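Below: the structure, in structure tokens.
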Ligand SMILES: [Zn+2]
Ligand SMILES: [Zn+2]
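Right, dumping it as structure tokens:
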């Protein structure tokens, strides 16, 4: 059985201090790799000495002894101090402290903070669903929550199931209350496809907010909304 708690260690990278799992394979599926920094050294090409990144990649200010260059920790591009002065938390790269980011990246990172501050907690707190697997007709009531290391969905009812988040290939949120323009629809369930550990067979599981009195529909709806956001993060990490 997988453990919910994994060892972590502090690692110093040129960008800052990071808290990484001791085993790289056990990282959170929401994490992104650090970018390769655009080289900022002088290089010799065809006998000429030239600067690989002579200007700020945003405002085009020329770098010299006064206008120093900085690398954005998220995209790895070169910027002047003015265009790369914001220090913003970047939990997706496991940085312990806020790190220097360019304007564009700091906006993205700030938006992601909401996921880390709120939705991730909702997912880890869990919610009750009625699940059906594959073509099975018999629903089971389970408490579904994201493990503390973000790597598994734990489903606990009469049986215990573990679904590895990295092996989930599609997440489809089911809604009801369609209105033209898409507003006011409420999440009522989720259809996921995943490969169980050690198998390449794709299985399907359907989650619905059950009519059962133990099921708090509001909690289940927020859990589904959080899962919707989580799925976007996952596909983004995989596209890289
Ligand atoms: Zn600039
Ligand atoms: Zn950037």
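Residue numbers (UniProt numbering): 1 to 240. Where a beta carbon is used, it is the ideal one built from N, C-alpha and C, also for glycine. Note that this is a predicted model, so its numbers are computed, not measured.
Distance between beta carbons of residue j and residue i, contact taken as under 8 Å
i	j	result
residue 186	residue 177	5 Å
residue 68	residue 90	That pair is no contact at about 21 Å.
residue 15	residue 99	6 Å
Close Cβ partners of residue i (< 7 Å) along its chain, the five nearest in sequence each way excluded
i	result
residue 11	18, 20
residue 83	56, 58, 59, 102, 103
residue 2	Note that residue 2 scores 43 on pLDDT, short of 50, meaning its location in the model is unreliable and no value can be drawn from it.
residue 231	171
residue 226	119, 122, 123
residue 34	13, 15, 93
Residue interval of the beta strand (DSSP E) (run including residue i)
i	result
residue 144	140-146
residue 18	16-21
residue 163	160-164
residue 154	152-156
residue 30	Note, residue 30: premise wrong, no beta strand (DSSP E); not H, not E.
residue 204	203-208
Own chain partners of residue i with C-beta closer than 6 Å, once the 5 adjacent residues on each side are dropped
i	result
residue 116	91
residue 130	139, 141, 208, 210
residue 39	52
residue 28	150
residue 133	205
residue 192	168, 171, 205
Range of the contiguous alpha helix (DSSP H) that encloses residue i
i	result
residue 123	120-125
Bridge-paired residues (DSSP) for residue i
i	result
residue 171	192
residue 176	186
residue 8	21
Contact set for residue i: own chain, Cβ-Cβ below 8 Å, skip 5 residues either direction
i	result
residue 31	92, 93, 94, 237
residue 111	none
residue 114	none
Kindly provide the ranges of any beta strand (DSSP E) runs that are 3 or more residues long and lie completely inside the stretch 52-108, ordered along the chain.
-> 69-71, 78-80, 86-88, 99-101
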